[in-house]
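Visitor: First the structure, which I've put down as structure tokens, then a few questions once you've had a look.
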Amino acid sequence: QLDLISFTKWLCLFPYAVFPSCCSPQPPQPKTPEVLWSETDSSVFHLTDESFDSFLEEHPAALVMFYAPWCGHCKKMKPEYDEAAEVLNKATDSPGVLAAVDATVHKAVGDRYKISGFPTVKYFEKGEEKYTLPHLRNKNKIIEFMHNPQAPPPPEQSWEDKPSSVSHLGSEDFREALKKKKHALVMFYAPCKEFLFTFLVP
């Protein structure tokens, strides 16, 4: 039998013994702040508003990744970009170098090149912007491009421009088109940098 004091102690400790993970007496630990990419052991050249132009003057062929620290696609691409930089930025006979700009901090450069999405990868030759390269996302493609810089493939034709039995609507004719139909199945979708209404005719 338990005396009153022992029973009270047992009641206090019982939840922690049965549910240790959700009833821990310890307060939740704060998350460790994420280390800035520019402060990691990276071979990528990290540029600022002040260093951008002089860097391009010193490097006649440069690939620059404009990124945002919070961007999931950027986080996914960083290891590939780091590995490519490890090859290109350290080779004595390298065809060019890899650099990066945090466009959320160095906004003057981002505004100059109209950066509106992340990551945005641009190729510069002799200080001049030459290509925007949305298809470069992995180490091998990056290295291959730097050894043979070529214009990117043309953008894929948008869905509304392709032959289709689907009616594509915009905000200006969406309501009027639906009024003419008794029943309608509508798909709302968002391709890159566009927002269109899609109207499937029954």
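Under mature numbering (1 follows the signal peptide of the UniProt record, and there is no 0), residues -25 to -1, 1 to 177 are what the sequence shown spells out, in order.
C-beta atoms are modelled at their ideal positions from N, C-alpha and C, and glycine is treated no differently.
What you are looking at is a predicted structure, and each value in this text was computed from that prediction instead of being measured.
1) On the CB-based measure, 16 or more other CB atoms within 10 Å of its CB, does T95 come out buried or exposed?
2) Give me whichever residues DSSP pairs with K97 in a beta bridge.
3) S26 lies in the alpha helix (DSSP H); which residues open and close that run?
4) Which partner residues of F30 appear in the DSSP bridge assignment?
5) With DSSP as the reference, label L63 as helix, strand or coil.
6) Around the C-beta of Y164, are 16 or more other C-beta atoms found within 10 angstroms, so that it is buried, or is it exposed?
7) Should the region 46 to 56 be regarded as contacting the region 101 to 108, the criterion being three or more beta carbon pairs within less than 8 Å?
8) List the residues that DSSP assigns as beta-bridge partners of F20.
9) Between the C-alpha atoms of H122 and S139, what's the straight-line distance to the nearest angstrom?
10) Starting from L11, trace the beta strand (DSSP E) in both directions and tell me its first and last residue.
11) For W45, count neighbouring C-beta atoms within 10 Å of its own C-beta (all shown protein chains included) and say buried if the count is 16 or more, exposed if not.
12) Helix, strand or coil: how does DSSP classify V84 here?
13) Straight-line CA distance for D86 to H34?
14) Hey, how far is the Cα of R150 from the Cα of E131?
15) Looking only at its own chain, which residues have a Cβ that is under 6 Å from the Cβ of I117, when we skip the five neighbours before and after it?
16) Counting C-beta neighbours from all protein chains within 10 Å, is the total for D77 16 or more, i.e. buried, or is it exposed?
17) Is G71 buried or exposed, if buried means 16 or more other CB atoms sit within 10 Å of its CB?
18) So the alpha helix (DSSP H) A152 belongs to, where does it begin and stop?
19) Taking 6 Å as the limit between beta carbons, can you name the residues of its chain near F99, skipping five residues before and five after?
20) Between E9 and the rest of its own chain, which residues show a CB-CB distance below 6 Å, the 5 nearest in sequence each way excluded?
Guide: Taking the definition as stated:
1) Label assigned to T95: buried.
2) V39, T107
3) Note, S26: premise wrong, no alpha helix (DSSP H); not H, not E.
4) Its beta-bridge partners do not exist; DSSP assigns none.
5) helix
6) exposed
7) Contact between the region 46 to 56 and the region 101 to 108 is absent, with fewer than three C-beta pairs closer than 8 Å.
8) A74
9) 40 Å
10) Here L11 belongs to no beta strand (DSSP E), and DSSP marks it neither H nor E.
11) exposed
12) helix
13) 22 Å
14) If you take the alpha carbons of R150 and E131, they lie about 29 Å apart.
15) These residues qualify, in order along the chain: A59, L111.
16) buried
17) buried
18) 149 to 154
19) L31, A37
20) Counting only Cβ-Cβ distances below 6 Å, and skipping sequence neighbours, we find nothing.
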